[in-house]
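Just so it is clear: in the sequence shown, position 18 is 257 by the numbering used here, and no numbers are missing. Where is the CB? At the ideal position from N, CA and C, for every residue including glycine. This report refers to the structure that appears directly beneath it.
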Amino acid sequence: MKKISFIIILSLTFFVYHVYGQIVYGPSYRDEIINSLNDISKKDIIRLNTSLLEAGIYQNSILYIDKLLESEPNVANYNYRKGLALISMEGDIELAKQCLLKAKNDINPKYKMSNKKETGAPVETYYLLGRVAHLENRIDEAIEYYNTYKNSNVKKLVYADDVQLMLQQCDNAKTVENRDNLYRIGNFKGNVNSKYPDYAPAISSDGNNMFYTSRRPWPDGSNENIVDVKTNMYSEDIYYTTKSEDGVWNDPKMMNFCKANMNESAVSTSNGSDTIYYYNDNVGNGDLYFGIFKNEQLENTQPILISGVNSKYWDPHINFSKDGKTLYFSSNRPGGFGGRDIYKITKNSDGSWGEPVNLGPTINSEYDEDAPSIADDNVTLYFSSNGKRSIGGFDVFKTEYNVETKKWSVPENMGTPINTTYHDIYFNLSENRFAYMSSNRPGGQGGADIYQVNFVRQQIALIKGNVTYPNETTPKDPSVAIRVRCLDCEEDITVTTYDIGEIPFGLNVIPCHKYELVATRQTATGEEETFFSQIYELGCDEQQEVYADVVYGTKEGNFPAITYKHYFSYNRNSVAEDKANFERLINGMVEQANNGRQEFIISINSSASYVPTRSFKDNKTLAATRAENLKQIVLEAINLHDMLKGKVNIQIKDVSVNGPAYESDAGNQATKYVDYQFVSATLEGYGEDINSAGLVIESKDDLTIVPVDRASTSSGNSGSSGGSSSISSNDFSTKLQVGYHVVVGAFGVISNAERLADKLKASYPNTIIVKNTTRGLNYVIINSTPDRAAAIQTAEQYKQNASGRAWVLYVK
240 MKKISFIIIL
250 SLTFFVYHVY
260 GQIVYGPSYR
270 DEIINSLNDI
280 SKKDIIRLNT
290 SLLEAGIYQN
300 SILYIDKLLE
310 SEPNVANYNY
320 RKGLALISME
330 GDIELAKQCL
340 LKAKNDINPK
350 YKMSNKKETG
360 APVETYYLLG
370 RVAHLENRID
380 EAIEYYNTYK
390 NSNVKKLVYA
400 DDVQLMLQQC
410 DNAKTVENRD
420 NLYRIGNFKG
430 NVNSKYPDYA
440 PAISSDGNNM
450 FYTSRRPWPD
460 GSNENIVDVK
470 TNMYSEDIYY
480 TTKSEDGVWN
490 DPKMMNFCKA
500 NMNESAVSTS
510 NGSDTIYYYN
520 DNVGNGDLYF
530 GIFKNEQLEN
540 TQPILISGVN
550 SKYWDPHINF
560 SKDGKTLYFS
570 SNRPGGFGGR
580 DIYKITKNSD
590 GSWGEPVNLG
600 PTINSEYDED
610 APSIADDNVT
620 LYFSSNGKRS
630 IGGFDVFKTE
640 YNVETKKWSV
650 PENMGTPINT
660 TYHDIYFNLS
670 ENRFAYMSSN
680 RPGGQGGADI
690 YQVNFVRQQI
700 ALIKGNVTYP
710 NETTPKDPSV
720 AIRVRCLDCE
730 EDITVTTYDI
740 GEIPFGLNVI
750 PCHKYELVAT
760 RQTATGEEET
770 FFSQIYELGC
780 DEQQEVYADV
790 VYGTKEGNFP
800 AITYKHYFSY
810 NRNSVAEDKA
820 NFERLINGMV
830 EQANNGRQEF
840 IISINSSASY
850 VPTRSFKDNK
860 TLAATRAENL
870 KQIVLEAINL
880 HDMLKGKVNI
890 QIKDVSVNGP
900 AYESDAGNQA
910 TKYVDYQFVS
920 ATLEGYGEDI
930 NSAGLVIESK
940 DDLTIVPVDR
950 ASTSSGNSGS
960 SGGSSSISSN
970 DFSTKLQVGY
980 HVVVGAFGVI
990 SNAERLADKL
1000 KASYPNTIIV
1010 KNTTRGLNYV
1020 IINSTPDRAA
1030 AIQTAEQYKQ
1040 NASGRAWVLY
1050 VK
């Protein structure tokens, strides 16, 4: 009865496994197998062992075959079965060799595993002996076994395709480059690795935090009775460890969200150690998730919702570029080249993500490519492949993307000692001085281990630090970029990293040089602004580290002035309709408050011309009304921003009537009187910028700029290089239209403006010169458009191509 019930249980096990892909059980299950062996016939033991081998449940299959080997240790069939199980589960290779060498003594070309009376071993024994020799790096012996198997006179070879791949990998192993002079491989000591499988390290950008996957028992023992029926291993869980100041990794801790009956595997980090990506499943073909690492735990975990990443197929790995604009992932979805392929998705200019693109046959093959990891330069990609370029199992490869040809280079095998004839995978650079990877090579602490790759004979220093914010209410700025530029190198060397939030950064540089670290952000107008800079002079010691404390704010607490000035048409007195320009003043104040400014002083000045007013008592009253209206609008705007409340002091300083005497010529108001009909609000500068002009925002109800009349200027004198023919009178207008105008120069002397305009005419045929009569300056304008983005783009292109100044003038 016990025998029958157990066979029923085992049959149910096969059914559940084949339907659901995985089941879990505890030690009592294995105990029941062991206890039942004395009550099961030899015929049933062979039948059950065969079923387990075919199902890939190798650990438990050995329990049955060991029972037979107790009484018949030299039977080739039994030794073959045990050798097959050990090789397939990547178990004890030495024990597998001993079994297979016994099996080799009785090869039966007509072997049938289902035959209960079979005593011989199949020709596949030669293939498995080749695998043993291959793993032990006895390449010539492996080739001999593989060829013996390949040339066997049997109708069908089980490993016909595999043996061709193994022979190719053996050829690679004989010619692969040894790079002991470039790399040193070290196994982690302490508790990072264990006697259980530990793999898939994900390292923060500063190299101080590591997240990895382990299949070890939980510290409290609560997962003791939950193991995988196929592998006899515990489920995958995510652990993390931190590096102490003396460089030693602390004891790892398990993530709080892990479940004993689920597989959670570390995948990668993004933006330092802030965002963690991981894989989650319970029956295979799971999904990729992410969470925020905070307070030593992973918070706000959720699946990645980028279209094309998570599918109904197996998508086990993902890695984001440093700037967050490109992601790479692996998948076995249909439409690839075979097995798992590597795909790429690029973020569009509007912030959305594009469609997945297979990296193509240069990278992918009919075999498995997995674990992509893009370097900080955004062009060097590391990945692993077990195909025809490997020397055995998964090998680590490197390829580079050519931005001009838009093609990937032929992948380069990283050679030994990084690669072995075992599985070498999950290669991740850290600070470009180290790399971390996983391998099940001999010499580890158990199963797969995590290894550190040290780069030797490579002088690299590290400038690292944190971006911190002046107070807790300051929102984290996703536009922050850190650049380090070498000031005394023979070549212009600049490295950049992008950060989101208050997280660490790390940039690699060469010792014995002087560097400038610059922190920038995008302003409200989309321009790049520097808020921190510092010079570091590094010594010549290798692997030195310099720490930079980058405070989000304006360098050394300096805040520039901002002036908003609006010119009115006749009798107008409110700027309410000039909302866009006025908000630039308020947005500038908010930005300075976010950067730590605590006190703001605004001075308001207003003026009326001598053109008689019909709506007010007199012109002085009109000017006073303009000042008071602007003050109220500023106060209303301040009350909408908590960071400004209680910090702003508004003073009305000057209210006056100015300009020429009225001569009954109201028709000349747009040119003669408009410059004296205005109101302005000036935010005083702070620190070193207290006396600077800062940003000036000007607008008019009806803006008119009178162009220079070239007929009345000396355009043909020595100050002009092109003469009057280079720009015809049709290039001038008496009025700038509403829109955005790209200005590239402002000159007090007209001949200087003409010289620049003549030079730019070929590249910018719409170049014009206009004169601001108030300031007495001649502006060179290369383009006018109603499209703000187009104007900014033209200005940026001009600055890049011509290495000159450019700004955008807005006319309302």
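DSSP places Y1003 in the coil class of the three-state scheme, outside both helix and strand. Shown here, M449 sits in a strand according to DSSP, grouped into three states. For R760, the uninterrupted beta strand (DSSP E) run begins and ends at 753–761, by DSSP. With a threshold of 16 other beta carbon atoms within 10 Å, P595 meets it and is buried. Under the DSSP assignment, R823 falls in the alpha helix (DSSP H) whose first and last residues are 818–833. Apart from sequence neighbours up to five positions away, the residues of its chain that approach G577 with a beta-carbon distance below 6 angstroms are E605, ordered along the chain. A residue is called buried once 16 or more other Cβ atoms fall within 10 Å of its Cβ, and V935, having fewer, is exposed. Taking the Cα of G704 as reference, the smallest distance to any Cα among V790, G369, Q684 is reached at V790. Residue burial annotation: R680 is buried, with at least 16 other C-beta atoms found within 10 angstroms of its C-beta. The beta-carbon separation of V402 and Y366, rounded to 6 angstroms, stays under the 8 angstroms limit for a contact. Counting the other Cβ atoms within 10 Å of the Cβ of D513 gives 16 or more, which makes it buried.
Rounded to whole angstroms, K336 and Y517 show a C-alpha spacing of 37 angstroms. Assignment of G599 by DSSP, reduced to helix, strand and coil, places it in the coil class.
Residue burial is scored here from C-beta neighbours: E776 has fewer than 16 other C-beta atoms within 10 angstroms and is therefore classed as exposed. Under a 10 Å Cβ-count criterion, E416 is classified as exposed, with fewer than 16 other Cβ atoms of the shown protein chains found around its own Cβ. No Cβ-Cβ contact shorter than 8 angstroms links Y1003 with Y1049. Counting every other CB atom within 10 Å of its CB across the protein chains shown gives E475 a total of 16 or more, marking it as buried.
Pairing C338 with G359 gives a Cβ-Cβ distance that is not under 8 angstroms. For N316, the uninterrupted alpha helix (DSSP H) segment begins and ends at 315–327.
Ranked by how close their Cα comes to the Cα of N432, the residues T644, N489, S444, K469 have N489 in first place.
Excluding the 5 residues flanking it on each side, I872 has same chain C-beta neighbours closer than 8 angstroms at S813, V814, A815, F821, in chain order. Within the same chain, and ignoring the five residues on either side of I581 in sequence, the residues whose Cβ sits closer than 7 angstroms to its Cβ are Y567, S569, L598, I602, N603, E608, P611, F622. Under the 8 angstroms Cβ criterion, the stretch 450–459 does not count as touching the stretch 276–292, having fewer than three qualifying pairs. The DSSP-derived three-state label of V371 is helix. In the three-state reduction of the DSSP assignment, I749 falls in the coil class, being assigned neither a helical nor a strand state.
When F636, I664, T619, D270 are compared, the shortest CA-CA separation from K646 is found for T619. Contact between F636 and M653 is confirmed by a C-beta separation of about 7 angstroms, below the 8 angstroms threshold. Cβ atoms of E538 and G530 come within 8 angstroms of each other, at about 6 angstroms. Cβ-Cβ separation between K434 and Q691: approximately 19 angstroms, too far for a contact (criterion under 8 angstroms). Rounded to whole angstroms, the gap between the alpha carbons of E311 and T470 is 27 angstroms. With fewer than 16 other beta carbons inside 10 angstroms of its own, N888 counts as exposed.
Between A832 and M882, the gap from beta carbon to beta carbon is short of 8 angstroms. Contact annotation: I1031 and I1020 have beta-carbon atoms that are not nearer than 8 angstroms. Sixteen is the threshold: since fewer than 16 other Cβ atoms of the shown chains lie within 10 Å of the Cβ of T585, the residue is exposed. Around the C-beta of R853, fewer than 16 other C-beta atoms lie within 10 Å, and the residue is accordingly described as exposed. Shown here for D663: same chain residues with a beta carbon closer than 8 angstroms to its own, the five before and five after excluded, namely S623, G632, F633, D634, V635, I657, M676, S677, S678, R680 in chain order.
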